[in-house]
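One structure is given below, encoded as structure tokens.
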Amino acid sequence: MEHSSRYIVVFALLVCGVCSIFVAVSAVSLKPRQERNKAIDIQSKVLSLAGLLEDGMSADAISETFTSRIEPRIIDFETGAYAEGIDAIAFDQRAAAADPDTSKSAPPNDAQVRRVPDNAVVYHVMGEGGELEGLILPIHGKGLWSTLYGFIALGTDANSIRGITFYEHGETPGLGGEVDNPRWKSLWEGRKAFDERGQVAIRVKKGAAGPPEEDPYQVDGLSGATITARGVTATLAFWLGDDGFGSYLDQFRAERGI
Ligand SMILES: Cc1cc2nc3c(=O)[nH]c(=O)nc-3n(C[C@H](O)[C@H](O)[C@H](O)COP(=O)(O)O)c2cc1C
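In the numbering used here, the protein residues as written are 689 to 946.
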């Protein structure tokens with residue numbers, strides 16, 4: 689059976705129309721679910737650093753534990769003071785840093801952070817009795833192929849490292865992607881972020897580091913992924929330093945008499 693060109697064109701347009709409506713409806717209707725899954729993923733990373741993530745935890749359990757044990761606090765990024773009037777749960781630091789109205793250009797830095805937000809979020813890990821157990825700070829910086837987004841967890845001395853995790857990056861699996869390897873992540877615990885002079889000292893070295901008691905400021909390199917590893921070092925130097933959370937950490941220490 690032969691069809692006219694007009695029939696073929698109209699038929700193809702109809703198929704395209706139906707498909708695009710289907711794709712558009714799916715994209716719009718799935719958006720809230722995707723946003724929630726993203727939020728749950730980030731909450732689960734924060735909980736894992738806080739030692740509060742259990743195997744097989746449901747999304748609801750993650751959300752409940754996050755609400756009861758993690759206190760997100762908004763700070764004025766430049767002064768480090770706590771800021772009022774911003775909903776810490778809804779606050780999107782990445783969006784704030786991307787918007788010229790709510791961010792500033794960052795000074796040149798090896799982590800290639802381009803902008804810093806006017807306000808930032810820090811997470812207080814609370815004990816069951818309501819006491820502060822630790823701090824979790826958001827960090828990001830450039831690896832080889834991508835910007836790595838994650839968190840660093842510190843003890844209440846604002847110096848001992850509890851852990852590091854990345855929730856988004858595009859580094860090569862098996863090379864830079866080894867930042868996700870639980871064995872490598874476990875090497876961070878017990879190390880120190882700052883030296884005796886208060887300078888950021890933690891770094892990923894090339895090769896193997898010693899145990900935390902003997903080699904507190906260095907972590908094993910990622911073999912075949914020195915560029916990603918350097919990115920992690922630069923990311924921590926930036927976010928823990930004066931152009932990053934330095935002012936906040938100074939105030940935190942002052943408040944606690946450290
Ligand atoms: C396909 C491909 C993917 C790579 N992915 C990464 C990566 O994700 N991170 C990284 O640092 N290096 C990666 N490299 C290697 C870098 O080019 C570079 O050789 C390496 O970082 C040097 O590290 P090394 O001194 O430990 O060998 C990749 C190389 C190739 C060919």
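Ideal placement from N, C-alpha and C gives every residue a C-beta, glycine not left out.
These numbers come from a predicted model, not from an experiment.
According to DSSP, simplified to helix, strand and coil, what is Gly822? DSSP places Gly822 in the strand class (E or B) of the three-state scheme.
Beta-carbon proximity check, Lys894 vs Ile849, cutoff 9 Å: For the pair Lys894 and Ile849, the CB atoms are not nearer than the 9 Å cut-off.
When you compare only the Cα positions, how much space is there between Pro904 and Arg885? A direct Cα-to-Cα measurement between Pro904 and Arg885 gives close to 14 Å.
In three-state terms, what does DSSP make of Glu723? Residue state, collapsed to three classes: helix.
Beta-carbon proximity check, Val867 vs Leu836, cutoff 9 Å: Taking 9 Å as the cut-off, the beta carbon of Val867 is found closer than this to the beta carbon of Leu836.
How should His931 be labelled, buried or exposed, when 16 other C-beta atoms within 10 angstroms of its C-beta is the threshold for buried? Before going on, a small fix: residue 931 reads as Asp here, not His. Within a 10 Å sphere around the beta-carbon of Asp931 sit 16 or more other beta-carbons, which makes this residue buried.
Answer yes or no: the CB of Glu859 versus the heavy atoms of ligand 1, is any distance below 8 Å? Ligand 1 approaches Glu859 closely enough that one of its heavy atoms is under 8 Å from the residue's Cβ.
Where Pro904 falls: helix, strand or coil (DSSP): Of the three classes helix, strand and coil, the one that applies to Pro904 here is coil, per DSSP.
Whose C-beta lies closer than 6 Å to the C-beta of Ile827 among residues of the same chain, with five residues either side of it excluded? So the qualifying residues of the chain are Gly838, Ile840, Thr923, Trp927.
Who are Pro805's beta bridge partners in DSSP? Beta-bridge annotation (DSSP): Pro805 is paired with Ser791.
Is the beta carbon of Ile832 within less than 8 Å of some heavy atom of ligand 1? Looking at the sequence itself, residue 832 is Leu, so the reference to Ile does not match. At least one heavy atom of ligand 1 sits closer than 8 Å to the Cβ of Leu832.
On the DSSP letters alone, give me the boundaries of the alpha helix (DSSP H) that Tyr936 sits inside. 934 to 943 is the extent of the alpha helix (DSSP H) around Tyr936.
Run the CB neighbour count on Ile946, radius 10 Å, all protein chains shown included, and call it buried at 16 or more, exposed below. By the neighbour-count rule (16 or more Cβ atoms within 10 Å), Ile946 is not buried but exposed.
Cβ-based neighbour list, Ser834, same chain, cut-off 7 Å, excluding 5 preceding and 5 following: Same-chain partners within the cutoff: His857, Gly858, Glu859.
Nearer than 8 Å: is that true of the beta carbon of Gly744 relative to any heavy atom of ligand 1? Checking the Cβ of Gly744 against ligand 1 gives no.
Quick check on the burial criterion: 16 or more other C-beta atoms within 10 angstroms. Buried or exposed for Tyr770? Looking at its Cβ environment, which holds fewer than 16 other Cβ atoms inside 10 Å, Tyr770 is exposed.
Can we say the stretch 732 to 751 touches the stretch 712 to 722, given the rule of at least three CB pairs closer than 8 Å? Counting C-beta pairs with one atom in each stretch, the stretch 732 to 751 and the stretch 712 to 722 have fewer than three that are closer than 8 Å, which means they do not touch.
Taking just the CA atoms, how far does Gly829 sit from Arg721? Cα to Cα, Arg721 sits roughly 28 Å from Gly829.
Could you give the residue range of the alpha helix (DSSP H) that holds Phe754? For Phe754, the uninterrupted alpha helix (DSSP H) run begins and ends at 747 to 757, by DSSP.
Is Leu735 close to ligand 1? I mean its beta-carbon at under 8 Å from any heavy atom of the ligand. No, the beta carbon of Leu735 sits no closer than 8 Å to any heavy atom of ligand 1.
Strictly by DSSP, which residues pair up with Phe765? None; Phe765 has no bridge partner.
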